[in-house]
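J.: Once you've had a glance at the structure underneath, I'll fire off some questions.
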Amino acid sequence: MNVRLLRDATAVPPSGWQLLPMRFHRFDSDSVLLTNLVGEHLFVSPDQFLAVIDGTCNDQELLARLRARHLIQRPGDRLPAELLAVKLRTRLRHLPDSTGLHIFVVTLRCEHTCRYCQVSRQSSARSEFDMSQETARRALALAFQSPSPHLKFEFQGGEPLLNFSLLKWIVREAKRINRDHGKDLAFVIATNLALLDDEILRFCEEEDVHISTSLDGPADLHNRNRRRPGQNSWQKTVAGIRQVQDRLGPGRVSALMTTTEASLDRARDIIDTYVELGLRNVFLRPISPYGFALRLRGGAGYDVERWLRFYETGLDYIIDLNRGGLPTVESYAAIIARKMFSNQDPGYVDLTSPAGIGLGALVYNYDGDIYASDEGRMLAEMQDHTFRLGNVQTSSYEEILLNEKLLQPLAESFTLSAPMCHSCAFEPYCGADPVFHHATAGDFVGHKATSAFCRRNMGIFKALLRRARDDDFARDLFWRWGQR
Amino acid sequence: MIRLSGRATPVGLDGAILPDVWRVCRADQDGTGGALACVSTRRDIIGDQNRIHLAPHPGAAAPGPALKLGRGLAHIAEDDIIRISPDGSRVNVLWKNTAIHNSLLLTEQCDNYCLMCSQPPKTRDDTWLFEQAKRVVSLLPPTARILGLTGGEPTLHADALIGLLEHCRDTAPWLQLHLLSNGRRFSDFSFSQRYAAVGLRDIMVGIPLYAPEPGLHDFIVQAGGAFEETVHGILNLATLGQPVELRVVVQKHTVPVLPELAIFIARNLPFVDQVALMGLEMTGLARPNSAEVWIDPADYQAELADATLALASAGIVTKIFNHQLCVLDERLWPFAVRSISDWKNDYLDICDNCSVRDVCGGVFTTSGSRLSTALRPIQHQRQQG
């Protein structure tokens, strides 16, 4: 046999390894989760974990795996730190772009009266709650100062189609301005679709505008949550979805659901409703602690644990749909899968660090006030102006982005330094939500031991990791979701 | 299987035959039937004797100076490129025009000493191989599409390699090149820059990676520090926008780490253009080391499937080479490539009844007795995914 270099010569020497930045979590009784700087993970037994930490491990196979996952290294190794740096740079490379999402609240008016509405909706007749063209012009000028090569304009309300003439003007004006900028533009209308008509469809077709709507599930559930005169919100929405699919193509409309207490036992029904409509992305979303939702009797009406049971039921159902050959995506899991199984950060504004406020999104309210996030605007409707960064009439781009009201929550909530976040094994998958913690705990950080944000997201992270560990099909599915 | 070298007998040829590399073309309108002629591009070298007639059958007559080819070389045909020894007694086929894969050996020297190397390294000076390669490239027919450049480790001779690549760029810019290298030399960024600066439009480096960490990789390639250099090399190539293929030879030591290696690639080298998972060729060092490297492919299907599906799920182009379909997990059929070089592939008698023989790569004729025990004819065309 021609072996010149023996196996021992290249392996990790006994007690001779160094720990790389590593975080851990007691996952279940017989396993500890280890994550490295960028979220690559490994499950080990509690005994293995202690032996690796105290230098007594002599399991060469385990040491090799830890070395492969950049959790330990042999003294003198240069490559692990370099590869970790490459991966971390990849993850953060979009940060200098900043602010890709610009939300225009073109009106507060709405003809729905949803139980969980986060906005101070106004009745349909009162035009003083519409955005003016002058306000929109100034907001556009600010948006185009963003260094991001991709700008997404999202129209919200209220029901933005109630101010369709301004919406049209903004889309065309943005495209006109963009002739001098050459950015990649995208437009989305967040609408309940009740007011959809031929003119609007034609406009969306000609101008390549995407539709995002709300669909809470089957008719009875949806109409219970989303009230409007005639109790026909579901019928209107479903008809609208079909019209958009027919006219503009199946990929041009997506839907979001909000989970109320009445939804909790109906995960499968909700998903089936989406599947029957040919909607392949289901976003299982909890209710937000803002706006009218807080005033619902008993708050959201359910706690994190009940919501997690609902989420896991839905997730398992979606995995099984895929197993049966029907490609369906749970959107929140897909966002997290990207963080877990790739080096990319999807830049989802509610789950990224530094937080997505301001850096990921700016909100231009109908009256010209500028907010760091949609939730920040909702707090303002409740007379809390913490996240108001300025007004389009008076504030420059620099004043908005360098406002202490933005920088302070960003700095305080940054997960690589925030108390309990920086040592959390799930940090690479998570994000900072200073608005949520301000609303629920009174400061930008909150106490992680009691934070519903933490419990909910850690529950989801564990649900995904457990399935990826125990079910090869789910693992490959999550990997695929992670590459989208 | 076809033979790439054999004996020849010169007839009516005086003195040494120069040059050494010839392209085969049809004989002129002299009615010699099946006879073929070799034509050098440089008429001046042997005066007006710039043609040597080839007689594929030893008995056939030729009109002038001729080379009678041994029986095994009767396949030599138009647009092949051959090397004739100065005394005319040996002929090597350097380019087989009808083959899908043609590779030029550039050196037998190597700074790795892989346990299963199919081309065991030698230390003797063989830089003439680069010069020969240049002459082959000069003679390539315009129909030539793909050329492999292999070793040994071609990058050990940096100047000669860069010179050859520049020659390819200038002489046959349409050619698709595939360079096999252990990648270590590319860890020198200035060398990577020289390589990229050649400016070839269609070249890919195939680099072997056997493990997700240095301990095992360095053992398999029998060279301390190789893993760090190889991965650095891959990163440098990526930085310079140069296409890279990773080649993983599936053998006894790599099987247990295949899933971990797949994850390592997906997380650390996701930019590679493709990953080739290659069955072991039982030749060269793999024979004396067979106890160290051989494993029946039937015994590693779970690991191979795990790694392949993980890589594919991560969006990485993944191909399985050198595996017979009857041994391969059916989920992996869509990834299987008919890859065994024409001159070394073969089918067994039991393959005659197989319904997927036509889409199967067959077995290495170099496999000797080490074939999977699971080889069997497949009786029905099964659904491919």
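Respectively, the protein sequence lines represent chains A and B.
The opening residue of the first sequence carries number 7 in my numbering; numbering runs sequentially from there.
The opening residue of the second sequence carries number 10 in my numbering; numbering runs sequentially from there.
We put the beta carbon where it would ideally sit given N, CA and C, even for glycine.
Bear in mind that the values here come from a model prediction, so they are computed numbers and not experimental data.
So is isoleucine 329/B in contact with chain A if we call contact Cβ pairs under 9 Å?
T.: For isoleucine 329/B, the answer is no, since every Cβ of chain A falls outside 9 Å of its Cβ.
J.: Answer yes or no: do methionine 125/B and alanine 295/B have a C-beta to C-beta separation smaller than 9 Å?
T.: For methionine 125/B and alanine 295/B, yes; Cβs fall inside 9 Å.
J.: Grab the span of the alpha helix (DSSP H) containing glutamate 433/A for me, first residue to last.
T.: Taken as a continuous stretch (DSSP letters only), glutamate 433/A belongs to no alpha helix (DSSP H), as it is neither H nor E.
J.: List the residues of chain A that arginine 193/B touches, going by C-beta distances under 8 Å, in chain order.
T.: Under the 8 Å cutoff, chain A gives no residues; its nearest Cβ is about 13 Å from arginine 193/B.
J.: Mind reading off the beta-carbon distance from leucine 246/B to valine 240/B? Whole number of angstroms is fine, and I expect it under 8 Å.
T.: The pair is not a contact, with the Cβ atoms about 11 Å apart (cut-off 8 Å).
J.: If I follow the unbroken beta strand (DSSP E) through cysteine 34/B, where does it start and stop?
T.: That run of the beta strand (DSSP E) goes 30-35.
J.: Would you mind working out which of Leu114/A, Gln128/A, Ser129/A and Lys181/A sits nearest arginine 143/A, comparing C-alpha positions?
T.: The option with the nearest alpha carbon to arginine 143/A is Lys181/A.
J.: So with Cβ pairs under 9 Å, would you call asparagine 245/B a contact of chain A?
T.: No, asparagine 245/B lies away from the interface with chain A (no Cβ there is under 9 Å from its Cβ).
J.: What's the C-alpha gap between glutamate 238/B and phenylalanine 159/A?
T.: Roughly 46 Å between the two C-alpha positions.
J.: Counting only Cβ pairs nearer than 7 Å, list the residues of chain E close to phenylalanine 228/B.
T.: Looking for chain E here will not work: the only protein chains present are A and B.
J.: How is the alpha helix (DSSP H) around arginine 144/B delimited, first residue to last?
T.: Run containing arginine 144/B: 137-148, per the alpha helix (DSSP H) assignment.
J.: Please report how far the alpha carbon of arginine 492/A lies from the alpha carbon of serine 260/A, in whole angstroms.
T.: Only positions 7 to 490 of chain A appear in this structure, which leaves residue 492/A out of reach.
J.: Check glutamine 128/B in the structure and name its three-state DSSP category.
T.: Glutamine 128/B falls in the coil class under three-state DSSP.
J.: With burial defined as no fewer than 16 other Cβ atoms inside 10 Å of the residue's Cβ, what is the status of alanine 474/A: buried or exposed?
T.: By the neighbour-count rule (16 or more Cβ atoms within 10 Å), alanine 474/A is buried.
J.: Would you verify that the beta carbon of tyrosine 122/B is, or is not, closer than 9 Å to some beta carbon of chain A?
T.: It does: the Cβ of tyrosine 122/B has a partner Cβ on chain A nearer than 9 Å.
J.: For the region 363-376 of chain A against the region 393-411 of chain A, are there 3 or more C-beta pairs whose distance is under 8 Å?
T.: Counting Cβ pairs under 8 Å, three or more are found: they touch.
J.: If we call anything under 9 Å between Cβ atoms a contact, is arginine 193/B one with glutamate 162/B?
T.: Yes.
J.: Determine, using beta carbons only, whether lysine 93/A comes closer than 9 Å to chain B.
T.: True, the Cβ-Cβ gap to chain B drops below 9 Å.
J.: Hey, how far is the Cα of leucine 184/B from the Cα of leucine 138/B?
T.: Taking the straight line joining both Cα atoms gives about 19 Å.
J.: Using a Cβ cut-off of 9 Å (strictly closer), state whether glutamine 489/A contacts chain B.
T.: Taking Cβ atoms only, chain B reaches closer than 9 Å to glutamine 489/A, which makes this a yes.
J.: Cβ of asparagine 277/B within 9 Å of Cβ of lysine 411/A?
T.: No, they are not a contact pair.
J.: Are the CB atoms of proline 306/B and arginine 256/B nearer to each other than 9 Å?
T.: Cβ distance not < 9 Å, so proline 306/B and arginine 256/B don't count as in contact.
J.: Alpha carbon to alpha carbon, how far is histidine 443/A from cysteine 430/A?
T.: So the alpha carbons of these two residues sit roughly 17 Å apart.
J.: In chain order, what residues of the same chain have a beta carbon less than 6 Å from the beta carbon of leucine 114/A, not counting five sequence neighbours either side?
T.: Within the same chain, leucine 114/A has close Cβ partners Gln128, Phe135, Gly164 and Tyr372.
J.: In this structure, does DSSP put aspartate 136/A in helix, strand or coil?
T.: The answer is strand: DSSP assigns aspartate 136/A an E or B state.
J.: Comparing the C-beta of aspartate 134/B with each C-beta of chain A, is any distance below 9 Å?
T.: Aspartate 134/B does not count as touching chain A.
J.: In whole angstroms, what separates the C-alpha of tryptophan 487/A from that of leucine 98/A?
T.: Looking at the two C-alpha atoms, the distance is approximately 20 Å.
J.: Classify histidine 391/A: buried if its beta carbon has 16 or more other beta carbons within 10 angstroms, exposed otherwise.
T.: When all chains shown are included, histidine 391/A counts as exposed.
J.: What does glutamine 8/B touch in chain A if you count any residue whose Cβ is under 9 Å from its own?
T.: Nothing can be reported for residue 8/B, as the shown portion of chain B is limited to 10 through 394.
J.: To which residues does DSSP link serine 14/B through a beta bridge?
T.: Its beta-bridge partners are Asn101/B.
J.: Ignore the nearest five residues each way along the sequence and tell me which others in aspartate 482/A's own chain have a CB closer than 7 Å to its CB.
T.: Nothing meets the Cβ criterion.
J.: Within 10 angstroms of its Cβ, does proline 182/B collect 16 or more other Cβ (buried), or is it exposed?
T.: Exposed, since its Cβ has fewer than 16 Cβ neighbours within 10 Å.
J.: In chain order, what residues of the region 148-173 of chain B put their CB closer than 9 Å to some CB of chain A?
T.: Here the close residues number zero.
J.: Below 8 Å on C-beta distance, what does aspartate 476/A contact in chain B?
T.: Per Cβ cutoff of 8 Å: no residues; aspartate 476/A is ~14 Å from chain B at best.
J.: Let me check understanding here. Comparing Cα to Cα, which of Glu117/B, Leu148/B and Lys143/B lies closest to aspartate 134/B?
T.: Here the closest residue by C-alpha is Glu117/B.
J.: Cα-Cα, which of Gly21/B, Lys143/B and Ala345/B is closest to leucine 156/B?
T.: Nearest option by C-alpha distance: Lys143/B.
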